[in-house]
Amino acid sequence: MKKGNRYFIDRAFKLLYNTYGPQYWWPADSTFEVMVGAILTQNTNWTNVEKAISNLKAAGLLSPHTLYKLPIERLSEFIRPAGYYNIKAERLRAFLEYLHHRWCGDIERMKKEDTETLRKELLQVKGIGPETADSILLYAFNRPVFVVDAYTKRILQRHGIVGEDAKYSEIQDLFQSSLPRDPQLFNEYHALLVAVGKNHCKRKPLCSRCPLGSLLPEKLQNSVSTTGR
DNA sequence: GACCAGGCACATC
DNA sequence: GATGTGCATGGT
1120 MKKGNRYFID RAFKLLYNTY GPQYWWPADS TFEVMVGAIL TQNTNWTNVE
1170 KAISNLKAAG LLSPHTLYKL PIERLSEFIR PAGYYNIKAE RLRAFLEYLH
1220 HRWCGDIERM KKEDTETLRK ELLQVKGIGP ETADSILLYA FNRPVFVVDA
1270 YTKRILQRHG IVGEDAKYSE IQDLFQSSLP RDPQLFNEYH ALLVAVGKNH
1320 CKRKPLCSRC PLGSLLPEKL QNSVSTTGR
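Numbered per the numbering used here, the first sequence spans residues 1120 to 1348.
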């Protein structure tokens, strides 16, 4: 672990927290809702996911048992606003099968399993990859697992902390070995990275006035766009 | 109308 | 193992 990287990880959190304050993630009323949301939000704006979730709520379907009984064709209609609705219906279906066959639909039982086992099992569910599995572990089960998303990767790349070809596990290790294993800290940090990413780190360069600007290495200062906000 | 969003699986080389 | 592609709605 390079010392400069640890400094960046440490300092960035403070800057982001001072700028944006607590993010109160994950916005949901239940553990199950977090898990459903984690699948629905794959490559999708959260506002679209909210529409899908409120559809399910309004129909009284947001529980492991009721959703399990719902035919996949109807499920896909309810979640339509979230986009990729056919594929996400299949993914939710696969998760619900896992929940029922492995845990009898009992989330309280699932909560007692250890983190490594849960992660391994979640990754075997078709449609659940590393980010979705880790979102469930952190935000639904309060486990000290750092979630790496597209914004996290982009921000680290633009600051020269990791290379263009950085793998998920490399970035995750970077955070997990630099920070105390505190779920609340990981929770807040990831949410803050999304907040700054939405404002300043889109696919096209948009770095000016970014709260992390002071952490940019000098050699990268020239690449900062001044046309953004 | 173009671009983007809190990924993942699968085909192909 | 790396790279490309399909999946789709809704906001800016």
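Backbone N, C-alpha and C fix where the C-beta goes; we use that ideal spot for every residue, glycine too. Since the model is a prediction, treat every value here as computed from it, not as a measurement.
Helix, strand or coil at residue i according to DSSP, with G and I counted as helix
i, result
"Trp1145", "coil"
"Ala1178", "coil"
"Thr1163", "coil"
"Gly1332", "helix"
"Ile1280", "coil"
"Ile1255", "helix"
"Gly1248", "coil"
"Ile1198", "coil"
"Val1315", "helix"
"Arg1238", "helix"
"Asn1261", "coil"
"Lys1230", "coil"
"Val1267", "coil"
"Arg1300", "coil"
"Glu1289", "helix"
"Leu1275", "helix"
"Leu1189", "coil"
Exposure label - residue i; buried when at least 16 CB within 10 Å
i, result
"Asn1306", "buried"
"Ser1327", "exposed"
"Arg1348", "Unreliable placement is indicated for Arg1348, whose pLDDT of 38 sits below 50; the coordinate value is still reported in the next sentence. Its Cβ having fewer than 16 others within 10 Å, Arg1348 is exposed."
"Glu1192", "exposed"
"Gly1156", "buried"
"Pro1183", "buried"
"Cys1223", "exposed"
"Glu1250", "buried"
"Tyr1143", "exposed"
"Leu1189", "buried"
"Lys1349", "The shown model of the chain, from 1120 to 1348, leaves out residue 1349, and the question about it has no answer."
"His1220", "exposed"
"Tyr1308", "buried"
"Ile1067", "Nothing about residue 1067 can be reported from this structure: the residues present for the chain run from 1120 to 1348 only."
"Arg1212", "buried"
"Leu1242", "exposed"
"Ser1149", "exposed"
"Arg1210", "buried"
"Ser1296", "exposed"
"Ser1254", "buried"
"Ser1195", "buried"
The alpha helix (DSSP H) enclosing residue i, as first and last residue numbers
i, result
"Glu1207", "The question names Glu, yet the displayed sequence has Lys at residue 1207. Element bounds for Lys1207: 1204-1222."
"Ser1327", "First-last for Ser1327: undefined, no H or E at that position."
"Asp1129", "1122-1139"
Residue i Cβ short of 7 Å to the ligand HEM heavy atom set
i, result
"Lys1239", "The ligand HEM is absent from the structure shown, which contains no ligand whatsoever."
Contact belief for residue i with residue j at Cβ below 8 Å, rounded distance in angstroms
i, j, result
"Leu1335", "Ala1131", "Actually they are not in contact, since the Cβ atoms of Leu1335 and Ala1131 sit about 11 Å apart, beyond 8 Å."
"Tyr1270", "Val1244", "At roughly 24 Å, the Cβ-Cβ gap does not stay under 8 Å, so Tyr1270 and Val1244 are not in contact."
"Arg1238", "Ala1259", "The pair is not a contact, with the Cβ atoms about 12 Å apart (cut-off 8 Å)."
"Asp1268", "Val1313", "7 Å"
"Ile1280", "Phe1151", "About 35 Å; that fails the 8 Å criterion."
"Pro1330", "Leu1135", "6 Å"
* Is the region 1291-1303 touching the region 1256-1267, taking contact as three or more C-beta pairs under 8 Å? -> yes
* Determine, using beta-carbon pairs with one atom in the region 1269-1286 and one in the region 1169-1182, whether at least three such pairs fall under 8 Å. => no
* Asked: Is the region 1121-1136 touching the region 1146-1161 in the sense that three or more CB pairs, one from each, lie closer than 8 Å?
  -> no
* Answer yes if the region 1167-1176 comes into contact with the region 1193-1201, meaning at least three C-beta pairs across the two stretches below 8 Å, and no otherwise. => yes
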